[in-house]
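Note that the numbering used here has the sequence shown beginning at 2, numbered continuously upward. Structure record follows, encoded as structure tokens.
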Amino acid sequence: MKKRKVALLKKITSGILIFLSASGISFNLIKDWNHQPNPVNPSADEISPWKTLKPGVHTGFGSTDIAYEKSLPPSGKISASVNLHGWKGERVNCLLLVWSAENKDEVIVRASPFRNSNHQLDKGITSISIVNYVLSNEFTGGCGARDLKKSPTNTSPDLLKKANKFGINGQETKPVWIAVEIPPQAAPGVYKGTISVESTSGTVNHPITLEVMNKSLPAPSAWSFHLDLWQNPYAVARFNRVNLWSREHINLLKPLLTMLAQAGQKCITTTLIDDPWAGQTYDPYGSMIKWIKKADGTWTYDYSVFDLYVNLAMESGIKDQINCYSMVPVGNKFSWYDEKSSKTITIESVPGTKAYEDIWENFLRDFKAHLKAKGWLNKAAIALDEREEEEMEKMFGFLKKAAPELKISMAGFYYGKINPAIYDFSSNWRHIDTLAGDVLRARKRSGLKTTYYVACGIPKPNNFTFSPPAESCYEGWFASAMGFDGFLRWAYNSWPENPLLDSRFIRWPSGDTYFVYPNAQSSVRFERLREGIQDYEKIRILRKELAENPSRKAAAAIGELNNFMNTINTKTLDRRSAVDVINEGKNLLAEIARTVMDTK
2 MKKRKVALLK KITSGILIFL SASGISFNLI KDWNHQPNPV NPSADEISPW
52 KTLKPGVHTG FGSTDIAYEK SLPPSGKISA SVNLHGWKGE RVNCLLLVWS
102 AENKDEVIVR ASPFRNSNHQ LDKGITSISI VNYVLSNEFT GGCGARDLKK
152 SPTNTSPDLL KKANKFGING QETKPVWIAV EIPPQAAPGV YKGTISVEST
202 SGTVNHPITL EVMNKSLPAP SAWSFHLDLW QNPYAVARFN RVNLWSREHI
252 NLLKPLLTML AQAGQKCITT TLIDDPWAGQ TYDPYGSMIK WIKKADGTWT
302 YDYSVFDLYV NLAMESGIKD QINCYSMVPV GNKFSWYDEK SSKTITIESV
352 PGTKAYEDIW ENFLRDFKAH LKAKGWLNKA AIALDEREEE EMEKMFGFLK
402 KAAPELKISM AGFYYGKINP AIYDFSSNWR HIDTLAGDVL RARKRSGLKT
452 TYYVACGIPK PNNFTFSPPA ESCYEGWFAS AMGFDGFLRW AYNSWPENPL
502 LDSRFIRWPS GDTYFVYPNA QSSVRFERLR EGIQDYEKIR ILRKELAENP
552 SRKAAAAIGE LNNFMNTINT KTLDRRSAVD VINEGKNLLA EIARTVMDTK
């Protein structure tokens with residue numbers, strides 16, 4: 002038994018080193034990682050299913066709702082073929098699984114064009130990505146510091162690496178993410194294609210069917226869903242070891258911002274001051290505006306970085322709103338460069354005091370003029386994150402006098418007294434029931450934006466690397482059911498030290514600080530979130546069209562859809578899984594589109 006365990010340990014260690022090498026992690030990082038706790042490894046008994054597996058490479062379609070174990074052969078329903086359906090302009094996904102009990106093999110996955118008797122869709126609409134595993138931990142109470150050396154550690158399939166050729170080791174399962182972008186101009190109908198898998202075992206051709214429905218989804222820039230994922234350009238510079246705001250930095254930021262825009266992002270994350278979140282991320286945010294107090298006591302402000310980033314985000318497709326953090330930062334600390342002393346001065350000041358208003362009044366006057374000159378004044382919002390009611394009430398009163406043209410954007414807890422003053426309010430999940438109903442409807446009538454967010458203390462639904470994949474999709478359905486305009490999450494790309502390997506962070510649950518990976522690599526979580534946003538848009542479009550359709554079928558369909566949506570609330574996931582909810586909902590949308598709608 003001891004020899005068997007030693008052999009097993011050697012095999013697992015070898016697999017880890019191969020995984021690190023394939024991920025492009027340097028051997029210095031490997032050395033550092035050796036001092037961290039290893040993923041929870043399967044026991045000899047858990048590996049036993051491999052013994053009954055036939056020789057060679059095995060393949061089949063699994064479910065995008067399941068996070069398959071890397072060290073076990075897949076269980077549950079595995080199919081030789083897959084059927085997809087979607088609207089014109091929609092992205093649809095499926096998951097191919099590749100597994101083998103034998104030694105290392107090389108695998109190539111290819112997609113054919115989709116064809117029917119009258120039309121062909123180019124094979125370029127299909128993208129293939131290998132799902133890489135990252136180290137992950139557990140919820141363990143949510144927010145707060147954790148000892149990574151002691152917390153339970155495992156691996157989660159999350160990182161999507163665009164590639165169709167990869168190696169597979171013995172006793173390993175490799176998921177392959179397949180996304181199909183249905184062209185907006187595609188003719189409705191049923192198309193046939195093939196996903197082929199080549200290895201030393203031969204070539205297996207898996208049939209894939211795509212039903213293009215006679216419905217159209219608008220381009221992401223026209224989606225109504227108000228998506229606000231906070232960007233962190235400082236993490237990009239640090240991870241890639243390039244100078245802040247250099248040409249290399251800009252070239253790395255552009256594809257990240259473009260990918261976000263293609264998910265329907267509406268907000269640009271900017272900073273007015275240094276570190277508005279007081280170091281809650283691995284890479285603290287710097288100020289995009291340089292504050293300078295001259296020797297004669299006057300102030301100047303350098304907006305060059307602010308302008309560069311806003312222009313870059315807009316060029317990438319994010320154009321609706323500029324969120325500016327923050328006049329009430331965590332810790333209430335503000336810094337500037339003092340020419341007289343040739344030093345950076347930092348003070349602590351709270352809203353309602355003369356010192357606070359002296360700092361901000363001159364800046365706001367200058368900032369307004371700059372925004373107006375750039376044509377951005379109607380897009381800018383002073384943004385806040387989970388501040389106390391008294392602080393915000395005083396800050397709002399001051400802002401109304403000093404810069405009434407600027408909107409307010411805030412994520413946090415609902416306070417009835419100040420809520421009507423907030424243009425874009427995102428409610429913490431725990432306060433949703435207080436906000437829902439009459440308050441939410443009143444805000445909508447007033448033309449105000451209202452979203453919700455989940456954070457480190459919310460066990461479900463959430464977007465941790467260990468969260469069930471369907472929960473990210475569910476968030477779009479929940480927003481629609483509750484009447485929200487969209488969804489907010491505090492970090493699009495605030496990466497921990499080595500995100501390509503390790504999604505854990507010392508302060509929050511794994512994956513809490515980011516959705517996507519360096520080099521503009523997507524994730525299972527991000528793609529499922531985008532899927533839920535598409536569903537939100539489809540529900541909106543169907544409701545509008547059904548309401549305008551006088552037929553009995555349409556009346557019955559909208560009644561059935563509304564009845565289903567009314568079953569979704571803050572308690573739903575206590576009774577049902579996100580998988581069950583969204584799949585029932587998706588089937589209902591498809592049935593309505595097929596049988597009720599008659600769009601030519």
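In this text, a Cβ means the ideal position worked out from N, Cα and C, and glycines have one as well.
Requested in this report: Look up K545 in the DSSP assignment and say whether it is helix, strand or coil.
Outcome: helix
Query raised in the report: Relative to the alpha-carbon of T259, which residue among R577, R508, S222 has its alpha-carbon at the smallest distance?
Result: S222
**Report entry** C-alpha gap between T345 and A404, whole angstroms
**Finding:** 27 Å
Query - Proximity winner among K150, L160, F399, relative to K175 (alpha-carbon distances) - result: L160
**Report entry** 7 Å Cβ shell around S217 - same chain, five flanking residues per side excluded
**Finding:** W88, K89, G90, P185
Query raised in the report: My guess is that W491 and A456 are in contact by the Cβ rule of under 8 Å, so how many angstroms apart are they, rounded?
Result: 7 Å
Requested in this report: With DSSP as the reference, label F479 as helix, strand or coil.
Outcome: helix
Query raised in the report: Going along the chain, which residues of its own chain have a beta-carbon closer than 6 Å to the beta-carbon of S473, five neighbours each way excluded?
Result: N464, R526, R529, L530
Requested in this report: Please report the residue range of the alpha helix (DSSP H) in which G413 lies.
Outcome: From DSSP, G413 is part of no alpha helix (DSSP H) but of the beta strand (DSSP E) over 408-413.
Query raised in the report: When burial is assigned at 16 or more other CB atoms within 10 Å of the CB, is D386 buried or exposed?
Result: buried
Query raised in the report: Roughly how many whole angstroms lie between the Cα atoms of N564 and G63?
Result: 30 Å
Query raised in the report: Apart from the five residues just before and just after V83, which ones in its own chain have a Cβ nearer than 6 Å to its Cβ?
Result: F62, C95, I209
Report task. Would you tell me roughly how many angstroms separate the C-alpha atoms of F140 and W430, rounded to the nearest one? Result -> 16 Å
Report task. Just the C-alpha distance for M598 and K380, rounded to the nearest angstrom, thanks. Result -> 37 Å
Query raised in the report: With DSSP run on the structure shown, which of helix, strand or coil describes G143?
Result: coil
Query - Beta-ladder partner(s) of C268, from DSSP - result: Q322
**Report entry** Rounded Cβ spacing between I213 and T127 (contact assumed at less than 8 Å)
**Finding:** Residue identity differs from the one stated: residue 213 is Val in this sequence, not Ile. The pair is not a contact, with the Cβ atoms about 14 Å apart (cut-off 8 Å).
Query raised in the report: For C268, is the classification buried or exposed, using 16 other Cβ atoms within 10 angstroms of its Cβ as the cut-off for buried?
Result: buried
**Report entry** Which residues DSSP lists as bridging P605, in chain order
**Finding:** Here the chain has residues from 2 to 601 only, and residue 605 is not among them.
Query raised in the report: Of the residues T571, S342, E538, which one's Cα is nearest the Cα of H432?
Result: T571
Query raised in the report: How about T466 and S157: are their beta carbons less than 8 Å apart?
Result: yes
Requested in this report: Go through its chain and collect everything with a Cβ distance to M396's Cβ below 7 Å, but skip five positions before and after it.
Outcome: M328, V329, P352
Requested in this report: Find the nearest neighbour of K539 within the set Y192, L449, L589, judged by alpha-carbon distance.
Outcome: L589
Requested in this report: Give a yes or no on contact between the segment 229-247 and the segment 113-121, applying the rule of three or more CB pairs nearer than 8 Å.
Outcome: no
Report task. Quick one: using the 10 Å Cβ neighbour count with 16 as the cut-off for buried, is N233 buried or exposed? Result -> buried
**Report entry** Three-state secondary structure assigned by DSSP to I602
**Finding:** Since the first residue shown for the chain is 2 and the last is 601, residue 602 is missing from the structure and cannot be characterised.
Query raised in the report: Count the other CB atoms within 10 Å of the CB of H227; is the residue buried (16 or more) or exposed (fewer)?
Result: buried
Query raised in the report: Looking at L254 and L313, is the spacing between their C-beta atoms short of 8 Å?
Result: yes
Query - Exposure label - R442; buried when at least 16 CB within 10 Å - result: exposed
Query raised in the report: In angstroms, rounded to a whole number, what distance separates the CA positions of H120 and L211?
Result: 12 Å
Requested in this report: Would you kindly check if the distance between the Cβ of L261 and the Cβ of I319 is under 8 Å?
Outcome: yes
Query raised in the report: Which partner residues of H59 appear in the DSSP bridge assignment?
Result: W100
Requested in this report: Determine the DSSP secondary structure at R446, reduced to helix, strand or coil.
Outcome: helix
Query raised in the report: So, are the CB atoms of I109 and K71 less than 8 Å apart?
Result: no
Query raised in the report: What did DSSP end up calling F465 once you bin it into helix, strand or coil?
Result: coil
Query raised in the report: Going along the chain, which residues of its own chain have a beta-carbon closer than 6 Å to the beta-carbon of L273, five neighbours each way excluded?
Result: I290, C325
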